[in-house]
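Under UniProt numbering, think of the first position of the sequence shown as 1, with each following residue one higher.
Beta carbons are placed, not taken as given, at the ideal position from N, Cα and C, and that holds for glycine.
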Amino acid sequence: MVPARDARARYPAVATRGPDPRGRALDAERRNGLPSFRGFFMDQASNDPAVETTGRPFATRTYEARKAHEAREAHDKRAPLVDAWYGSGAAPIEAVDSHAHVFLRSLPRIPSARHSPEYDATLESYVAHLSACGITHAVLVQPSFLGTDNHFFVDALARYPQRFRGIAVVNPCTAEDEFARLEATDVVGIRLNLVGLPIPDFTAPRWRALLARANALGWHVEVHRRAADLPAIIPALLDQSCRVVVDHFGRPAPHLGTLDPGFRFLLSIAGTGQVWVKLSAAYRNIGSGDGTAFGTRAARALLGAFAPNRLVWGSDWPHTQHRDRTDYQTTRSALDDWVPDPSLRRIILCDSARALFRFDRQTPARDT
């Protein structure tokens, strides 16, 4: 097993940007034996309005930024007690957040990142949200803008070996020993964030080899792409015996919603038994608002096609590019609107996520 490292010591929260962050990111990839691979996996591009840690004097920040700063400080004051509770060992699985990110603004970004948040999303703040909302377990997803350098993400997983699972970012050049390291730190899948990128040829030898490695480890493949392109992606993955998890309701076009042909395609492949969908980030599928109405319609359609044990819920914390629209409590409460039946909600929040993310697997305690 890989011993846990102190992420806070290795990655201080104070920004340390040099004059050439693109060069620093390239150097980081080379140090870790990784090519400067065009990232492959990136979030949508736009300006994030919540830049509460820009270095400006506190008094000159916007009201929203000051409130965000105060909230983060409050979370961090509670963090030691929450940290001790979450790190105390196994606990009954009551609710799982299947999609969240942690990062620091000081971490090197891939040069091709189209969105690069200038704030910290700390593990301490995230755990405080989990505790406040009664979420007992969680799945951390490697942020796309950090590329295939999974070190900070793995350090975060190691803090909570009984409570957390991870979804890594890899590419066809990732070495075998990196897969072994990720498997040893409770990674259970890989994410293909293909938004804005060419669709890979999954029949190419290098991709077939990568997907075979994931299958051999029992990992699933998460896909983030606009719904219109899902028919060109998911069948190719299913043909190679992959289990596929589709992010954020399948990302139908805002002007089409549940009538998007790509979303209808997603409904049509429910019968394969090899596809799961995340009920998460409804706000990414609409022009404005928090997405409650869209989420309710989409969840109803998905429940009509998929069994509830093929659906999972995710907060999408820290809601990059959409922090002005929502917060953690709102995303959790939204599920109650999307799925009013408590018994179905229990399956989605607990049973489905427990099986998909392998929370039943025994995880040996690690040095901390």
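Self-check item: Cutoff 6 angstroms; reference arginine 325; Cβ partners in own chain excluding five residues on either side
Solution: Numbered from 1 along the sequence shown, position 325 holds the residue referred to as residue 325. In chain order, Tyr283, Asp290 place their CB closer than 6 angstroms to the CB of arginine 325, counting only its own chain and leaving out the 5 sequence neighbours on each side.
Quiz item: Mapping DSSP to helix, strand and coil, what is arginine 332?
Solution: In the sequence shown, the residue the question calls residue 332 occupies position 332. Arginine 332: helix per DSSP, three-state reduction.
Exercise. Can you grab the Cα-Cα spacing for the pair alanine 334 / threonine 203, in whole Å?
Key: Mapped onto the sequence shown, residue 334 falls at position 334. Mapped onto the sequence shown, residue 203 falls at position 203. Looking at the backbone, the Cα of alanine 334 and that of threonine 203 are separated by about 39 angstroms.
Exercise. Give the C-beta separation of isoleucine 167 and isoleucine 190 to the nearest angstrom, bearing in mind that I take them to be a contact with Cβ-Cβ under 8 angstroms.
Key: Within the sequence shown, the letter at position 167 stands for residue 167. Within the sequence shown, the letter at position 190 stands for residue 190. Confirmed, Cβ separation roughly 7 angstroms.
Practice problem: Provide the residue(s) that pair with arginine 165 in DSSP beta bridges, ordered along the chain. | Solution: One-based indexing of the sequence shown puts residue 165 at position 165. Arginine 165 is bridged by DSSP to Val139.
Quiz item: Between phenylalanine 359 and glycine 257, what straight-line distance do the alpha-carbon atoms span, to the nearest angstrom?
Solution: By one-based count along the sequence shown, residue 359 stands at place 359. By one-based count along the sequence shown, residue 257 stands at place 257. Rounded to whole angstroms, the separation of the alpha carbons of glycine 257 and phenylalanine 359 is 33 angstroms.
Quiz item: Over what stretch of residues does the alpha helix (DSSP H) that includes histidine 129 continue unbroken?
Solution: Indexing the sequence shown from 1 puts residue 129 at position 129. Its alpha helix (DSSP H) spans residues 123–132.
Quiz item: If you draw a straight line from the C-alpha of isoleucine 135 to the C-alpha of glycine 314, how long is it?
Solution: As a first step, residue 135 must be located in the sequence shown, where it is residue number 135. As a first step, residue 314 must be located in the sequence shown, where it is residue number 314. Cα to Cα, the separation comes out at about 11 angstroms.
Practice problem: Below 7 angstroms CB to CB, which residues in the same chain sit around asparagine 215 once its five sequence neighbours on both sides are set aside? | Solution: By one-based count along the sequence shown, residue 215 stands at place 215. The beta carbon of asparagine 215 is closer than 7 angstroms to those of Ser241, Cys242 in its chain, skipping five residues each way along the sequence.
Quiz item: At a cut of 8 angstroms, does the segment 216–228 reach the segment 250–268 through at least three beta carbon pairs?
Solution: Contact between the segment 216–228 and the segment 250–268 is established, with three or more Cβ pairs separated by less than 8 angstroms.
Quiz prompt | Identity of the residues DSSP links to histidine 248 by a beta bridge | solution = In the sequence shown, residue 248 corresponds to position 248, counting from 1. In the DSSP assignment, no residue is bridged to histidine 248.
Quiz item: Roughly how many angstroms lie between the CA atoms of leucine 192 and proline 231, to the nearest whole one?
Solution: Looking up residue 192 in the sequence shown gives position 192. Looking up residue 231 in the sequence shown gives position 231. Roughly 15 angstroms between the two C-alpha positions.
Exercise. Tell me where the beta strand (DSSP E) around serine 98 begins and ends.
Key: For the purposes of this step, residue 98 is identified with residue 98 of the sequence shown, where counting begins at 1. Counted as a single uninterrupted DSSP element, the beta strand (DSSP E) harbouring serine 98 occupies residues 96–100.
Exercise. Could you check the C-alpha separation between alanine 305 and phenylalanine 103 for me, to the nearest Å?
Key: By 1-based counting over the sequence shown, the position of residue 305 is 305. By 1-based counting over the sequence shown, the position of residue 103 is 103. For alanine 305 and phenylalanine 103, the distance between alpha carbons rounds to 35 angstroms.
Quiz item: Does the beta-carbon of glycine 287 have 16 or more other beta-carbons within 10 angstroms, so that it is buried, or is it exposed?
Solution: Taking the sequence shown and counting its residues from 1, the one referred to as residue 287 is at position 287. By the 10 Å Cβ count, glycine 287 comes out exposed.
Practice problem: Please name the residue or residues paired with isoleucine 190 in a DSSP beta bridge. | Solution: The count along the sequence shown starts at 1 and reaches residue 190 at position 190. Listed as beta-bridge partners of isoleucine 190 by DSSP are Ala168, Val221.
Practice problem: Figure out for me which residue from Leu349, Asp120, His255 has the closest Cα to the Cα of proline 108. | Solution: In the sequence shown, counting from the first residue as 1, residue 108 sits at position 108. Just measuring C-alpha positions, the residue of Leu349, Asp120, His255 sitting nearest proline 108 is Asp120.
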